[in-house]
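Chemist: Okay, handing you the structure first.
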Amino acid sequence: MTVHVIPYNVQDAFLFDGTGDGCLIWQPDRCYIVLGQSNSAEGSIFKYNVIKDGIPVTKRPTGGEAVVLTPSMVVITVAKVFSKMILFKAFFGEVNEIIIESLKEAGITGLGSKGISDITIGNRKILGSSMKCHSNRLVYHAVLNVSEDPSLFEKYLRHPRREPDYRDKRSHNEFVTSLKMEGYNITAEELMSAISKKINKYMMG
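So in this note's numbering, the last one in the sequence shown is 387, and the numbering has no gaps at all.
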């Protein structure tokens with residue numbers, strides 16, 4: 183049973199291959215599985231379920247572990263050229279702070295930062311991110327779970343090889359939450375608009 187891993191060709195692919203600054207805040211059009219740069223299909227996914235359900239599998243040019251993308255999520259991709267290169271941690275922090283501020287203004291509480299670059303509500307993850315570096319250009323890539331049921335991740339994804347300390351070996355279903363599960367009915371469209379305004383302002387600053 184073989185899973186065909188296709189080249190990364192989803193909506194934000196142009197930002198990884200391009201030059202200069204840019205950003206895209208977008209909503210997946212269907213379910214995808216996206217492997218991290220160092221992942222293999224064999225080690226990261228339950229192949230039988232993926233093949234049976236016809237889920238396309240691709241591999242992004244950034245680190246981190248495999249993720250599921252669905253229309254119930256928002257993806258934030260930000261590319262920025264630095265005249266003086268900064269640390270990955272600093273860029274993660276800058277963009278995550280913009281997202282946290284946008285969520286707070288939408289009335290979401292209990293937000294925090296854990297691990298290398300996760301955004302959480304309480305002790306559960308709502309956003310994970312990864313980074314690509316080429317010369318003096320960094321590309322930030324994050325997935326925000328608006329309303330997807332984490333049981334879907336259990337169906338397709340194996341437990342990751344690496345995990346942040348705060349995960350403490352919890353299953354996907356125990357570790358990940360969504361804004362909807364936390365009682366917030368904000369839509370993906372509302373979030374994309376709010377986050378886009380703040381990131382565009384940051385990019386022009």
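Beta carbons are placed, not taken as given, at the ideal position from N, Cα and C, and that holds for glycine. Note that the coordinates shown come from a computational prediction; the quantities given were computed from them, not determined experimentally.
One question on the structure: do Tyr190 and Pro243 come within less than 9 angstroms of each other, judged by their Cβ atoms?
Modeler: The count along the sequence shown starts at 1 and reaches residue 190 at position 8. The count along the sequence shown starts at 1 and reaches residue 243 at position 61. Yes; because the gap between Cβ atoms is below 9 angstroms, this pair is in contact.
Chemist: Assuming Lys296 is part of the beta strand (DSSP E), what are its boundary residues?
Modeler: Position 114 of the sequence shown, counted from the start, is the residue given in the question as residue 296. It spans 293 to 296 - the beta strand (DSSP E) in which Lys296 sits, taken as one unbroken run.
Chemist: What does the alpha-carbon distance come out to for the pair Lys233 and Val185?
Modeler: For the purposes of this step, residue 233 is taken as the residue at position 51 of the sequence shown. For the purposes of this step, residue 185 is taken as the residue at position 3 of the sequence shown. Note that residue 233 corresponds to Ile in the displayed sequence, not to Lys. Answer to the nearest angstrom: the Cα atoms are 7 angstroms apart.
Chemist: For Leu251, which residues of its own chain have a beta-carbon under 8 angstroms away from its beta-carbon, when the five flanking residues on both sides are left out?
Modeler: Within the sequence shown, the letter at position 69 stands for residue 251. Cβ within range, chain order: Val192, Pro210, Cys213, Tyr214, Ile215, Val216, Val257, Val325.
Chemist: Measuring straight from C-alpha to C-alpha, what distance separates Gly294 and Ile301?
Modeler: For this step, residue 294 is matched to residue 112 along the sequence shown. For this step, residue 301 is matched to residue 119 along the sequence shown. The alpha-carbon atoms of Gly294 and Ile301 are separated by roughly 6 angstroms.
Chemist: Which value, in whole angstroms, describes the spacing of the CA atoms of Tyr366 and Ser360?
Modeler: For the purposes of this step, residue 366 is identified with residue 184 of the sequence shown, where counting begins at 1. For the purposes of this step, residue 360 is identified with residue 178 of the sequence shown, where counting begins at 1. Rounded to the nearest angstrom, the two C-alpha atoms are 9 angstroms apart.
Chemist: Quick check on the DSSP output: the alpha helix (DSSP H) that includes Asn278 runs from which residue to which?
Modeler: Within the sequence shown, numbered from 1, the residue matching residue 278 stands at position 96. Taken as a continuous stretch (DSSP letters only), the alpha helix (DSSP H) holding Asn278 covers 270 to 287.
Chemist: Label Ala261 either buried or exposed according to how many other C-beta atoms from any shown protein chain fall within 10 Å of its C-beta, with 16 as the threshold for buried.
Modeler: The residue given as residue 261 occupies position 79 in the sequence shown. That one is buried.
Chemist: State the DSSP-derived secondary structure class of Met313, mapped to helix, strand or coil.
Modeler: Along the sequence shown, one-based indexing puts residue 313 at 131. Strand at Met313.
Chemist: Would you call the CB atoms of Ala288 and Leu206 closer than 9 angstroms?
Modeler: Position 106 of the sequence shown, counted from the first residue, corresponds to residue 288. Position 24 of the sequence shown, counted from the first residue, corresponds to residue 206. Contact: no.
Chemist: Would you decide whether Gly225 is buried or exposed? Buried here means 16 or more other CB atoms lie within 10 Å of its CB.
Modeler: On the sequence shown, position 43 is the one that residue 225 refers to. Exposed, because fewer than 16 other Cβ atoms sit within 10 Å of the Cβ of Gly225.
Chemist: Taking 9 angstroms as the cut-off, decide whether the C-beta atoms of Ala370 and Ser311 are in contact.
Modeler: Start at 1 with the first residue of the sequence shown, and residue 370 comes out as number 188. Start at 1 with the first residue of the sequence shown, and residue 311 comes out as number 129. No, Cβ-Cβ distance for Ala370 and Ser311 is not below 9 angstroms.
Chemist: In terms of DSSP beta bridges, what is Ile215 paired with?
Modeler: In the sequence shown, the residue the question calls residue 215 occupies position 33. Note: Ile215 sits in a beta bridge opposite Val239, Val250.
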